[in-house]
Amino acid sequence: MLVAILAGLIVSLSSPALYKMLGKWLFVPMALLPFTLFIYFCAFLPSVLQGHTFTSEYRWVPSLYINLHFYLDGLSIFFALLITAIGTLVMVYAGGYLTGHPLLGRFYLYLSFFMMSMLGLVLSGNIFCMFIFWELTSISSYMLIGFGHENAASRYAALQALLVTGMGGLALMAGLILIGNAGNSYSLSTLLTRQELIQSDALYLPALLLILLAAFTKSAQFPFHFWLPNAMAAPTPVSAFLHSATMVKAGIYLLARFNPIMGGTPEWQLPLLIAGSISAVAGAWLALQQTDLKAILAYSTISALGILVLMIGIGTDKALAAMLAFLLLHALNKCTLFLIAGSIDHATGTRDVKLLQGLGKSMRPIAIAASLVSLSYAGVFPFFGFISKELLYEATLEAESNAPVSFIIVFVSKVASVVIAFVLGYRLFWRTSTAPTVVRHPCGRKLYMPPLVLVFLSLLFGLLPSQLATPLLNSASGAVLSRGIQVDLHLLPKFSMALLNTIFTFIVGYLAYAQHNRLLNVAPRLLPLYNTGPESWYQQAITGLLKGSVKLTSMIQSGYLRSYIAAIVLVHVGLVILSLWGEGPALNISTRLDQLLDVKVYELVLLVLMVGSVFFLFRTRSRLTSIATMGIIGFSVALLYLLFGAPDVSATQFLIETLTVVLFVLVLHRLPPFRFLSHRYRRYKYIILSALFGGMMTYVLLLVKQFPLQSELKAYYGEHGYMLGRGRNLVNVIIVDFRALDTLGEITVLAVTALGIMALLRLRAEKGGKL
Amino acid sequence: MNHLLLLLPLLMPLYGAIFSLFFWRNVELQKVFALQSQVATLVSCILLFMAVEDKGILTTQVGNWPAPYGISLVADMFSCIILLAGSVTGFAVFMFSLQGLDFPRQAYGYYPLMLFLQLGVSGACLAGDLFNMFVWFEVLLICCFVLITLGGSRPQLEGSIKYVTINFLASSFLLAGIGIMYGLVGTLNLAEMALLVRILEGHESLITMAGMFFLVALGVKAAVFPLFFWLPASYHTPPIAISAFLAGLVTKVGVYALVRLFTLIFVLDTELTQLLLSVIAGLTMFIGVVGAAAQTDFRKILSFHIVSQIGYMIMGLAFFTPYAIAGLIFFMVHNILVKTNLFLISGVVARHYNSFALKDLGGVYLKQPFLALLFAISAFSLAGIPPLSGFWGKYMLAKAGLELKAYALVGVSLLVSLLTLFSMTKIWNEVFWKKKPDETEVALLSPITNRMLHMPVVMLVLFILFISLYAEPLVHLAYRAAIQLLDSDIYIRAVLYQ
Amino acid sequence: MVGILFGAGLYLILHRHFFKLILGLMFFSLATNLFIFVVGQLTRGGTAIIEEGSEEAVEPFSDPVPQSLLLTAIVIGFGILAFAIVLIRRVYQVLHTNDMDNLNETDKIEQPIYPHE
């Protein structure tokens, strides 16, 4: 399986090169890729249906327990077949839809890369392997949604989708780590056997919430649904692929996958029920108010996803079987509908339902496909939609709790589907019209064959449920429940509540369709209401982030050096105080005072001299005076060194001090005279800070001095300095011999300084030289 | 036993620099010398790395004085990994500067300065002596000063004055800290210090206090909040070849020293230091990324992101488990490569469009798809998108944090990761996807120039892809390095009792 | 005394004037050096020079280690200070200001770019 996925990735990466070679025939290898994979998975089908699972593991990063581990069971093969089958058709379609587009090679790259990530996602047997593919789908969908990259709306939509799903991705990462810690394994098959361990973990609830967040963002559940309609900015084949069988279904797959591990508890079911219900109803309601074909489909996708989540939330055998059946149906039909919408757009240049009419004659193959798929979508006998809808109704009616509520929700969603089916299958094509919309670009074979094939498939699944759908769904739902179940699908309806409801749905649906125009007229007036929805929260968050960040940054990074330094010093003082707080050894003041009294007169004189000059320095306005004063202080320090037995240091200090003063005078003599630039208030603040800092340093110094030092080094150098270093001046011996490397560094510093000064003075880069 | 290998990463850049200085007037010859010593440095780092991997920690007593009395050079896994990453970026930046830097700057000592800078980096990474580390830091710092001001354009000077002042203060703190440590334990050798600190009774809080001096001083150099101000003020001002190297490597040396000292010496009052480090890490990450969100200049965004990612590294130090430290090391390597590369890419873009401002740029996606690809790989790696290298570091740190129940900090780090993605897509949207604004002029570069500019970027991307797709070796190495770091006995034994 | 030097140095750095900044830096480095010196043992009189004829130093002699560190530190400090002085001069020449507060160009933030539909 690794080979299959790697091969796919290689083909996808080579697509720009292939485009140069093959031109418009690029779609052939790109469609062959999913088709081959489809056949490949079909070969596994018989044994998987008998309950076997296949695993293959390749070591990747074993230190982190993240391996390329693939796991093929009923659920993953179900998804894999869907992805590859629909992938094949979308690839063909895209070849027709984007003929001659200069970036077609890149388009196929992203699309097939996306498909391979999706495949990897559903095949992963290691939860982090799954996570990696999960993120790859986010990234590749970002590229796909932003394909029309010169259009600001596309960029906006792509960013939005990426941020929302990216947030979910991060939640997923945290959640998976928690699950991995709780279950002590990253292997899906092991985790499946450790349900109790995980559910009894203290962090079960946070992990669960994180996983749900991930699934809801990916599957566009309320309140994260808003990215999906915006993602319609992508070319239609992308929408068809992303919103039917892939991207949004990844969230559903995640929920289905973790249902046996995390599920069966109220904490798991309740959020699913709530989010699913809201999304199903809101999606349906919003879908009916759109006039853009793709928007209608997008919102109805949200509604359908809501139903799927709701079914997982109900969690009974019947509900899960119904979920999978509906998922299959939705993948087939929604893809068809999108492709049809794309063809219409391609042919007429508009997607506005109000403008389009009378297309039945001019676009006959498309029209046929549209009508048939609408029948299936609405759930008419003998299409697969019929079976699926029956199952959904049955599942809600048999639900353990809240049966009426979930029934109503499914009902609302289904009514909306019926209305949409009327619009797409009848209104656009067959309603008598005086001025049919002009078809500018007739649709080629690549544009109408894929929808027709898909329609045929949903008819086939409807006609032969027990041969085709039942085994597939049973093995898949077996994986979702981690035990075998048997749900037989029948085309021929038993007389039941469910059937009655179906008929009832049609009646209400027709009535609703009759009122549809009126609703469309009202819709714009409701816009202000929608503008306060979750999408506006997102916008506010982004704007807030940007505004807040500007404010915060200009506050912190104010550009004033003195505030920077004040902050740094304050932090330092604070940290030192913090570290000494409480348990720190107190300063023994009395002994210190004794030492303080033990001061020789000339030392005192020096001290007084230094303090005096410091204060003088503060007062003076003349530069020359201050330099001189500075010199006095420096020399005093040098004298101090001398007094305490450091003649070398003292000599150096004298030298350096002299040099500094000379340099100072030479270099800075041309600066304008002093002015006191600070405000009085600010000056006091700085005086306090400086005093604090000075005091702290003194305290630290005295504290450290309180502990007499037994330096091994001193003794060693005293003993061996002469013998080993051949020098009487220990300081010199140390510098040139024991610690010669320091001296090397020192010389380097001086050399570089010289270089730098030279460059500074001589090299004047051209004005505004940036590069 | 003396290992000459340990000296090579110091000597190679030093020789190169000195030779280049001899031929001050002949820039072409300088290039040749620089190339030779870059390659030699790289090779010596590889050799050293292989030796350390084979035999464990290596030490050399410079001048053959026994351990605490002379200066020890110590190479463990951690320092080798950082050295290696550093020399790779050094090489890449050198390649880039051949075409990416204007001639006057090249003529005024750019090449020897770069080599001196690398000398400082190598020294700081290998020093087994506190004061020696300080000296190397100063070497590194003065090189940075000079490089940042090299050319003396207005923004450079403005930025550098802040850089110089703040880092000067930090050096003073560092020096004072060294003084305190000497006053307390009477030694400068890191290994012996670690040993003495353990037996020093009743002085814990004093040692912690000394640790605060180092925390502040190295914190400034590593650019953590609230000490990072100099970085966004200055890093975007010099030419790209310079800022790429500084951005990629120099702050990480600060992190390196922090990690070294806080795993070896200041481990007593772990409760306080870890709390502190956690707070610092969280704030650094957050403030950095928020700062980046506010920016509208390619390089400024990247500069603020440096700060944010330093926060990630500090987070690893705060967690203080083998797993977290391993994550930190992985993250450092990843960051050195990726950050340098992003800066280089911004340089390539700017060479074509003569601007770093997002509003002036656009359309690179159509014009230079290959460059767009290179950027996408680096940027998504920075944002931690799997399976690129940033993900592995992020994952290891997050996992370590969750195991320690540090939920708040992990939460912040994930949020920061999302915001990083936001910033990276901002660049992508504005520079690559957006249509090129009409008034922007596009400079025509000769194919050779163009290729020379791309080459280092491609090289770094290959490295990034290597540690992304084949992460196992580095993860494993990082883990071994972390074990070495956390068990300071190994270090002490290797240095003192050989 | 060290405290006073530190405090004074910082106070000067916090000023807006370039000139004072440099003086402050000088103070700061002086203070640090003195700090190191004092933190090692203060010994009156005895230098760390071995008497003629003897092979070992005789107590009391001052600790040679901080002294040697100091030597290095002083020189390094000088190097950096010298650079800073020249830098300040260049800044003044190029920017024609000696007010630190005028140097905040590089930290300026432009209006952010809002993603919009």
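Protein chains in written order, with our numbering: chain A, 38 to 808; chain B, 4 to 501; chain C, 541 to 657.
We treat Cβ as the ideally placed atom computed from N, Cα and C, and that holds for glycine.
With at least 16 other beta carbons inside 10 angstroms of its own, Phe228 (chain B) counts as buried. Membership of Leu400 (chain B) in the alpha helix (DSSP H) is indicated by the continuous run Ser392 to Glu406.
For the C-beta of Ile169 (chain B), the chain A residues within less than 9 angstroms are, from N- to C-terminus, Leu598, Tyr601, Ile602 and Ile605. Of A:Asp110, A:Phe78 and A:Ile424, the smallest CA-CA separation from Gly88 (chain A) is found for A:Asp110. With respect to chain C, the C-beta atom of Ser149 (chain A) has no partner C-beta closer than 9 angstroms. Within chain A, Leu654, Ser663 and Met667 have C-beta atoms less than 8 angstroms from the C-beta of Leu563 (chain C), given in sequence order.
Look at Leu609 (chain C): its C-beta is under 9 angstroms from a C-beta on chain B. Under a 10 Å Cβ-count criterion, Val768 (chain A) is classified as buried, with 16 or more other Cβ atoms of the shown protein chains found around its own Cβ. In summary, the residues of the region 624–635 of chain C whose CB is separated from some CB of chain B by less than 8 angstroms are Ala624, Leu627, Ile628, Arg630, Val631, Val634 and Leu635, in the order they occur in the chain. Of C:Val615, C:Phe577 and C:Val578, the smallest CA-CA separation from Leu692 (chain A) is found for C:Val615.
The contact set of Ala613 (chain C) on chain B, defined by CB atoms closer than 7 angstroms, consists of Leu178 in chain order. In the three-state scheme derived from DSSP, where H, G and I count as helix and E and B as strand, Arg464 (chain A) is classed as helix.
Put simply, the CB of Phe568 (chain C) is near chain B, with a gap under 9 angstroms to one of its CB atoms. In the displayed model, Leu582 (chain A) falls within a helix according to three-state DSSP.
Sequence-distant partners of Phe137 (chain B) (beyond 5 residues in either direction) whose C-beta falls short of 8 angstroms from its own C-beta, in its chain, are Ser174, Leu177, Leu178 and Ile181. At a cut-off of 9 angstroms between beta carbons, Phe575 (chain C) contacts chain B. Per DSSP, the unbroken alpha helix (DSSP H) holding His479 (chain B) starts and ends at Glu475 to Leu489. Counting only unbroken stretches of 4 or more residues, the alpha helix (DSSP H) elements lying wholly within the region 54–120 of chain A are 64–86, in sequence order. A Cβ-Cβ contact shorter than 9 angstroms links Arg776 (chain A) with Ser608 (chain C). For the pair Lys584 (chain A) and Phe672 (chain A), the Cα-to-Cα distance works out to about 53 angstroms. In this structure, B:Gly131 is the residue among B:Leu38, B:Ala375 and B:Gly131 with its C-alpha nearest to the C-alpha of Leu191 (chain B).
Sequence-distant Cβ neighbours of Ser491 (chain B) in its own chain, meaning closer than 6 angstroms and more than five residues away, are Ala197 and Leu267. Annotation: Arg108 (chain B) has no Cβ neighbours in chain C at a cutoff of 8 angstroms; minimum Cβ distance is about 15 angstroms. From the beta-carbon of Leu424 (chain B), the residues of chain A found nearer than 8 angstroms are Leu199, Leu200 and Gly203. For Ser40 (chain B), the three-state secondary structure derived from DSSP is helix.
Taking 9 angstroms as the threshold, the shortest C-beta distance from Lys331 (chain A) to chain C does not fall below it. When B:Lys408, B:Met184 and B:Leu50 are compared, the shortest CA-CA separation from Val578 (chain C) is found for B:Met184.
Its Cα nearest to that of Lys57 (chain A), the residue A:Leu141 stands out among A:Leu141, A:Asn558 and A:Leu505. Distance from the CA of Ser595 (chain A) to the CA of Gly291 (chain B), rounded to the nearest whole angstrom, comes to 14 angstroms.
Residue environment for Trp574 (chain A): exposed (fewer than 16 other C-beta atoms within 10 angstroms of its C-beta). Positions of the alpha helix (DSSP H) runs, each at least 4 residues long and wholly inside the region 498–522 of chain A, are given as 507–518 in order along the chain. For Leu76 (chain B) against Val65 (chain B), the beta-carbon gap comes to about 6 angstroms, under 8 angstroms, which counts as contact. Around the beta carbon of Thr569 (chain A), fewer than 16 other beta carbons sit within 10 angstroms, so the residue counts as exposed. Within the region 201–227 of chain A, the residues whose Cβ lies closer than 7 angstroms to some Cβ of chain B are Gly203, Met204, Leu207, Met210, Ala211, Ile214, Leu215 and Asn218, listed in chain order. By the Cβ neighbour-count rule, Asp441 (chain B) is exposed, with fewer than 16 other Cβ atoms within 10 Å of its own.
It is roughly 32 angstroms from the alpha-carbon of Ala88 (chain B) to the alpha-carbon of Gly212 (chain A).
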